[in-house]
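A.B. asks: Residue numbers are given in this note's numbering: position 41 of the sequence shown equals residue 238, and the series is strictly consecutive.
Using N, Cα and C, we set each Cβ at its ideal position, and we do this for glycine too.
Can you keep this structure in mind? I'll have questions shortly.
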Amino acid sequence: MNIFGEPNLTPLYTDLEPFEIYRSISYNQEDSFLFESLDRPRRLAEITVMGFAPVSKIRGYSDYITVQRNNNNNTTTHRTDDPFGALQEMMRTSTYDKYRYMGGAVGIVNYDAVTLTEELPRAHHIPQPLFEFGLYDDGILIDNHTGETFYFWYDTDRSHILDNMQVQQHRRFQTTTPKPETDINQFTEMINRAHRYIYDGDIFQVVLSRRFSFDITGDPLELYARLRHLNPSPYMFHLKQGSRVTIGASPEMLIRITKNHVETFPIAGTRPIGDTKEETARLAEELKSNIKELAEHTMLVDLGRNDIGRVCKYGTVKPISLMEVKRFSHVQHLVTHVAGEMDTRYNMFDAFKAVFPAGTVTGAPKVRAMEIIDELESKSRGPYAGAVGYFSYNGCCDFAIAIRSIFIQDGKGIVQSGAGIVSDAKPAQEFAETEKKSGAMLQAVMDGAET
Numbered sequence: 198m199n200i201f202g203e204p205n206l207t208p209l210y211t212d213l214e215p216f217e218i219y220r221s222i223s224y225n226q227e228d229s230f231l232f233e234s235l236d237r238p239r240r241l242a243e244i245t246v247m248g249f250a251p252v253s254k255i256r257g258y259s260d261y262i263t264v265q266r267n268n269n270n271n272t273t274t275h276r277t278d279d280p281f282g283a284l285q286e287m288m289r290t291s292t293y294d295k296y297r298y299m300g301g302a303v304g305i306v307n308y309d310a311v312t313l314t315e316e317l318p319r320a321h322h323i324p325q326p327l328f329e330f331g332l333y334d335d336g337i338l339i340d341n342h343t344g345e346t347f348y349f350w351y352d353t354d355r356s357h358i359l360d361n362m363q364v365q366q367h368r369r370f371q372t373t374t375p376k377p378e379t380d381i382n383q384f385t386e387m388i389n390r391a392h393r394y395i396y397d398g399d400i401f402q403v404v405l406s407r408r409f410s411f412d413i414t415g416d417p418l419e420l421y422a423r424l425r426h427l428n429p430s431p432y433m434f435h436l437k438q439g440s441r442v443t444i445g446a447s448p449e450m451l452i453r454i455t456k457n458h459v460e461t462f463p464i465a466g467t468r469p470i471g472d473t474k475e476e477t478a479r480l481a482e483e484l485k486s487n488i489k490e491l492a493e494h495t496m497l498v499d500l501g502r503n504d505i506g507r508v509c510k511y512g513t514v515k516p517i518s519l520m521e522v523k524r525f526s527h528v529q530h531l532v533t534h535v536a537g538e539m540d541t542r543y544n545m546f547d548a549f550k551a552v553f554p555a556g557t558v559t560g561a562p563k564v565r566a567m568e569i570i571d572e573l574e575s576k577s578r579g580p581y582a583g584a585v586g587y588f589s590y591n592g593c594c595d596f597a598i599a600i601r602s603i604f605i606q607d608g609k610g611i612v613q614s615g616a617g618i619v620s621d622a623k624p625a626q627e628f629a630e631t632e633k634k635s636g637a638m639l640q641a642v643m644d645g646a647e648t
């Protein structure tokens, strides 16, 4: 079903900061989202967007989708051999492209959705849908360059809901102390088994992860408020889908498409932030001069180039910047920016499927690495290492990799982080890397355990 139409835009005048706008409009909403950027160059962070109460909620499974419309409790099931194609058919089409997002499918794609495009053996039960999106026909957009705020809509003007926006009183949350599900001995055994596959020539690298679990009561939005303070990142998101809440401070773009311009930012290579500026700088230089780290990064950049090259015009895929050190709250990474021009035979869904999941969360070769991950990790990854973002009605999209994130479902929370295992990986160092990568999320969760 394609419905053609252009959005209506109304200026919105408020003294509230973007996060306070979201806190106000999301109050008592079953479904809502906020996508913002707190640590990204202005060129890459043009807009902040938020929405509430989607017109439809679509969940994708291996051979069917479910659709729930207009907050109606009745859910319909539709059989399909292409769940992403079924989602695409439900989207209207817009030619308005001043902004990358102007309504669309907003949600999360679980890591396990790779089974929609690859034949992989599955050792674990997959309890959640493979993807979950809301179709948002209106919302709030903030132009970060001009400071202007707009309410936009297509068919139904719900701006009256925004008339009484005001600063909301902070609501508390409480958590239990996060518990690791994999200790150092178990992780060491996983790495030793991965080494055997590397020595046998099956793979060059595999990303193995550990998870922490906890219970949470109260409002997870306050947990997000803590995380955005502790770890301001290029991709900040609070995605509420009923009893499922995804909170993130991801450093890494999976894919972004703007007017057929395709981009990805592979991240590979990690060092901690030092106790002093001098130590941090020394660790950055060590990272940039480490031959094995550079080789690993180059391998994963080549994998990313090959992935987007499947949907881009021949000869257009190239690195825009190469192996720059980017610092975050607890770690620093090597980052490369790769871009190309999408072939007119393909669309944003084709491009997403071409790159998903990112090689930086699997290893290389990608398919064999995913098979080994499924064998060595004790549970299905679920949302971890999947993607959070949107497919816009105007053909643009923007997705972050679901790392440095907190996943909440029915009062149960998970934090999960991985480390890239290569031939000379030392278990104690890789274990420490997963601890460092989880640091900001665990600190935010612990703030709830201490209140």
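Rounded to a whole number of angstroms, what is the C-alpha to C-alpha distance between T273 and F330?
C.D. replies: Going from the Cα of T273 to the Cα of F330 covers about 15 Å.
A.B. asks: Determine the burial state of E203: buried for a count of at least 16 other Cβ atoms within 10 Å of its Cβ, exposed for fewer.
C.D. replies: The residue is exposed, with fewer than 16 neighbouring Cβ atoms inside 10 Å.
A.B. asks: Quick check on the burial criterion: 16 or more other C-beta atoms within 10 angstroms. Buried or exposed for I517?
C.D. replies: When all chains shown are included, I517 counts as exposed.
A.B. asks: Measure the C-alpha to C-alpha separation of L573 and M387 and round it to an integer number of angstroms.
C.D. replies: Each residue's Cα considered, the two are about 6 Å apart.
A.B. asks: In chain order, what residues of the same chain have a beta carbon less than 6 Å from the beta carbon of T379, not counting five sequence neighbours either side?
C.D. replies: Result list for T379: R407, in chain order.
A.B. asks: Can you tell me the Cα-Cα spacing of V306 and L284, whole angstroms?
C.D. replies: Their backbone Cα atoms lie some 12 Å apart in a straight line.
A.B. asks: Within 10 angstroms of its Cβ, does N199 collect 16 or more other Cβ (buried), or is it exposed?
C.D. replies: For N199, the predicted model reports a pLDDT of 39, less than 50, meaning its position is unreliable; a value from the coordinates is still stated below. So N199 counts as exposed.
A.B. asks: Using 8 Å as the threshold, is the stretch 413–423 in touch with the stretch 630–646, meaning 3 or more CB pairs across them?
C.D. replies: Judged by Cβ distances under 8 Å, the stretch 413–423 makes contact with the stretch 630–646, as three or more pairs qualify.
A.B. asks: Since L209 contacts F409 with CB under 8 Å, what's their CB separation in whole angstroms?
C.D. replies: Not confirmed; about 39 Å, so no contact.
A.B. asks: When the Cβ atoms of the stretch 585–602 are set against those of the stretch 446–454, are three or more pairs found closer than 8 Å?
C.D. replies: Segments in contact, yes.
A.B. asks: For the stretch 244–251 against the stretch 325–345, are there 3 or more C-beta pairs whose distance is under 8 Å?
C.D. replies: Yes, the stretch 244–251 touches the stretch 325–345.
A.B. asks: Whose CA, out of L491, R276, A446, lies closest to the CA of S430?
C.D. replies: Checking every option, the nearest Cα to that of S430 belongs to A446.
A.B. asks: May I ask which residues mark the beginning and end of the beta strand (DSSP E) holding K609?
C.D. replies: Taken as a continuous stretch (DSSP letters only), the beta strand (DSSP E) holding K609 covers 609–618.
A.B. asks: Mapping the DSSP letters down to three states, classify G501 as helix, strand or coil.
C.D. replies: DSSP places G501 in helix when its eight states are reduced to three.
A.B. asks: Return helix, strand or coil for G592, following the three-state DSSP convention.
C.D. replies: Residue state, collapsed to three classes: coil.
A.B. asks: Looking at M299 and the ligand GTP, is the gap between the Cβ and the nearest heavy atom below 6 Å?
C.D. replies: No copy of the ligand GTP appears in this structure; indeed no ligand is present at all.
A.B. asks: In angstroms, rounded to a whole number, what distance separates the CA positions of A492 and V498?
C.D. replies: In a straight line, the C-alpha of A492 is about 10 Å away from that of V498.
A.B. asks: Grab the span of the alpha helix (DSSP H) containing P417 for me, first residue to last.
C.D. replies: That run of the alpha helix (DSSP H) goes 417–427.
A.B. asks: Report all residues from its chain with a CB closer than 7 Å to the CB of L359; omit the five preceding and five following residues, and keep chain order.
C.D. replies: These residues qualify, in order along the chain: L209, I222, Y348.
A.B. asks: Once DSSP output is grouped into helix, strand and coil, what is the label at N389?
C.D. replies: It is helical.
A.B. asks: Taking the continuous beta strand (DSSP E) assigned at K515, which residues delimit it?
C.D. replies: K515 -> beta strand (DSSP E) spans 515–524.
A.B. asks: Taking Y649 as part of the beta strand (DSSP E), name the residues at either end of that continuous run.
C.D. replies: Limits of the chain in this structure are 198 at one end and 648 at the other, which puts residue 649 out of reach.
A.B. asks: Tell me the residue span of the alpha helix (DSSP H) that contains K254.
C.D. replies: Segment 253–257 is the beta strand (DSSP E) holding K254; no alpha helix (DSSP H) there.
A.B. asks: Give me the residue from I339, P324, L405, E475 with the minimum Cα distance to A242.
C.D. replies: Considering only alpha carbons, the answer is I339.
A.B. asks: Could you tell me if D607 is buried or exposed, where buried requires 16 or more neighbouring beta carbons within 10 angstroms of its beta carbon?
C.D. replies: Counting Cβ neighbours within 10 Å, D607 comes out exposed, since fewer than 16 surround it.
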